[in-house]
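**Q** If you're matching positions, the sequence shown starts at 45 in this note's numbering and goes up one per residue.
After the structure tokens below, expect a handful of questions from me.
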Amino acid sequence: VISILAFVAVFVVGIIFGKSIGHPIYVGLISLPLAFLIAFFLFTRFANTAAFASIEGQLGAGASVLMSIRRGFITTPAVNVSRNQDMVHRVSGKAGIILVGEGSQAVRALLQDERKKMERFLSGVPVTEVIVGDNPGQVSIRKLQKHLKKLPKKLNTAQLREVRARLRSVGGLNIPMPKGPMPTNLRMPRR
Numbered sequence: 045v046i047s048i049l050a051f052v053a054v055f056v057v058g059i060i061f062g063k064s065i066g067h068p069i070y071v072g073l074i075s076l077p078l079a080f081l082i083a084f085f086l087f088t089r090f091a092n093t094a095a096f097a098s099i100e101g102q103l104g105a106g107a108s109v110l111m112s113i114r115r116g117f118i119t120t121p122a123v124n125v126s127r128n129q130d131m132v133h134r135v136s137g138k139a140g141i142i143l144v145g146e147g148s149q150a151v152r153a154l155l156q157d158e159r160k161k162m163e164r165f166l167s168g169v170p171v172t173e174v175i176v177g178d179n180p181g182q183v184s185i186r187k188l189q190k191h192l193k194k195l196p197k198k199l200n201t202a203q204l205r206e207v208r209a210r211l212r213s214v215g216g217l218n219i220p221m222p223k224g225p226m227p228t229n230l231r232m233p234r235r
């Protein structure tokens, strides 16, 4: 509704401006794409807000937000998971390695463990820890993308390429899970 109102408002303002300078059709044709652009911009902002609100508080919400970052970052979800479903996601970008933890306060131990692995495996690469949540010292789901993009850039393109090649060789967490959909009509063996 708001994006439609914005479209109409921009178009009407364009026509009024066109009448004031004596070219309502010409300025109206120019304001039409501008009105579409502003309407789509507002629509995507509202869609992102609704998407973040729907996944907030769910398990793996941080991973889905990290995977939706468009460019500059590569995310490996759930590289470290505890029994209480606390998880650590690994993100590589120009800021170095960013470890994003989500879950209870016990996720700090998982972050420290993963940080030690990364510092041993990729010496000299900066490792940053971020915890997703609403408590003080944590980053909310809504601000996670903006927070990662604001981190200072410490790696150049060649260094980043080397870091990503090394991380690709390590891979993520190998959980013994069957590939594909889970079968529903399984029978237990009688032995």
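The beta carbon of each residue, even a glycine, is placed where N, CA and C say it ideally should be.
What you are looking at is a predicted structure, and each value in this text was computed from that prediction instead of being measured.
If you draw a straight line from the alpha carbon of Val171 to that of Ile142, how long is it in whole angstroms?
**A** Straight-line Cα distance between these residues: approximately 6 Å.
**Q** Pick helix, strand or coil for Ser126, following the three-state DSSP scheme.
**A** DSSP places Ser126 in coil when its eight states are reduced to three.
**Q** Ignoring anything shorter than 3 residues, give me the beta strand (DSSP E) runs that lie fully in the region 154-180, in order along the chain.
**A** 171-176
**Q** How should Asn124 be labelled, buried or exposed, when 16 other C-beta atoms within 10 angstroms of its C-beta is the threshold for buried?
**A** Classified as buried, Asn124 has 16 or more neighbouring CB atoms from the shown chains inside 10 Å of its CB.
**Q** What number of angstroms, rounded off, separates the C-alpha of Gly177 from the C-alpha of Arg208?
**A** 27 Å
**Q** Starting from the Cα of Ser304, find the closest Cα among Gly72, Phe96 and Gln102 and give me that residue.
**A** Absent from the model: residue 304. The displayed extent of the chain is 45 to 235, so no value can be given.
**Q** Is Arg134 buried or exposed, if buried means 16 or more other CB atoms sit within 10 Å of its CB?
**A** Burial call: buried.
**Q** Among Val57, Ile46 and Gly104, which one has its Cα closest to the Cα of Ser148?
**A** Nearest option by C-alpha distance: Gly104.
**Q** Report the residue from Leu154, Ile69 and Tyr70 whose alpha carbon sits nearest the alpha carbon of Ser128.
**A** Here residue 128 turns out to be Asn, not Ser, going by the sequence shown. If we check each option's Cα against that of Asn128, Leu154 comes out closest.
**Q** Around the C-beta of Gly101, are 16 or more other C-beta atoms found within 10 angstroms, so that it is buried, or is it exposed?
**A** Burial call: exposed.
**Q** Can you give me the C-alpha to C-alpha distance between Arg89 and Leu73, rounded to a whole angstrom?
**A** 25 Å
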